[in-house]
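**Student:** Following the numbering used here from start to finish, the sequence shown increments by one per residue and tops out at 230.
We put the CB at the ideal spot given by N, CA and C, even for glycine.
Dropping a structure here in structure tokens format, bear with me for questions.
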Amino acid sequence: MHGSQSIENVADRWNNLAQTICLRALLFNIGVGMIVGVFTAHVRLHLGLSGHKIVLWLVPVLAARFIWRAPLGATMGTTGAMLASFAMGGNLAGGIPYMALLVLAGGVMDALVTFAQNRGLHPVMTIALLSGGGMCANLLCVIKRLLTPVYNHSVILGLSGPIATIISYAIFGLLAGLIGATVGLGAVKLAGKQSDKKNKTPNTCV
């Protein structure tokens, strides 16, 4: 009887520890998102191309999602970035009516990262998957641009108007997903090598 209670106590402690690690991971993702949101609110690249801001916020948010493995890390990181940008007078989400699109974009990235991790995909396949995911995420965000009147139309590949806007969003989304996944996987691999050397317990937040 006492042995059974001891096992249950140990199991409860491990569960509490795992929950604490997951909560910290989620808070870390939110913190990264908020820092990114403040950054994007004050930085103007003046590229003249639509959809380029996703590179500024998705790369660190996606990398943090890989590193900490919090199930809703990208969603919460994106939400943190959006709210921080809005609070600082930025326009990351394109206004309150379109905030749900940005949260949905983060959810898409979460789902794809979880799929890649659960299936144990090769890093090259994971990067390709997340590159496509970044493109899809930014194409969700292009809806707000197409519904908002603008006075400086993008010109890309000799095209202009809505078609150029969609192409620009797709290219920058793909680029953001590629860079974010590459940085995230590289950081995880580096951390794994250091963990093996120090013989530490692996992260339990999955």
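Just the Cα atoms here: how many angstroms apart are P84 and T189?
**Tutor:** If I take the Cα positions, the gap works out to 24 Å.
**Student:** Identify, in the order they occur along the chain, each residue of the same chain with its Cβ nearer than 7 Å to the Cβ of K77, setting aside the five sequence neighbours on each side.
**Tutor:** Closer than 7 Å at Cβ, skipping near neighbours: T64, L116.
**Student:** Would you tell me roughly how many angstroms separate the C-alpha atoms of L50 and I191, rounded to the nearest one?
**Tutor:** If you take the alpha carbons of L50 and I191, they lie about 33 Å apart.
**Student:** What does the Cβ neighbour count give for S109, buried or exposed, with the cut at 16 atoms within 10 Å?
**Tutor:** The residue in question, S109, is buried, as its Cβ has 16 or more Cβ neighbours within 10 Å.
**Student:** With DSSP run on the structure shown, which of helix, strand or coil describes P84?
**Tutor:** Three-state result, P84: helix.
**Student:** Is G101 closer than 8 Å to N53 when the C-beta atoms are compared?
**Tutor:** Yes.
**Student:** From T172 to G216, what distance separates their C-alpha atoms?
**Tutor:** Straight-line Cα distance between these residues: approximately 45 Å.
**Student:** Is the CB-CB distance between N142 and G75 below 8 Å?
**Tutor:** Cβ distance not < 8 Å, so N142 and G75 don't count as in contact.
**Student:** Could you check which residue in G157, L107, A87, L183 has the C-alpha nearest to that of L136?
**Tutor:** Ranking G157, L107, A87, L183 by Cα distance to L136 puts G157 first.
**Student:** Using 8 Å for Cβ pairs, my map puts T103 next to G72. What's the rounded Cβ distance?
**Tutor:** Wrong, their Cβ atoms sit about 29 Å apart, outside the cutoff.
**Student:** Looking only at its own chain, which residues have a Cβ that is under 7 Å from the Cβ of N88, when we skip the five neighbours before and after it?
**Tutor:** Residue identity differs from the one stated: residue 88 is Ala in this sequence, not Asn. Closer than 7 Å at Cβ, skipping near neighbours: F52, N53, V56, G97, G101.
**Student:** Decide if L198 is buried, meaning its Cβ has at least 16 other Cβ atoms within 10 Å, or exposed.
**Tutor:** Classification for L198: buried.
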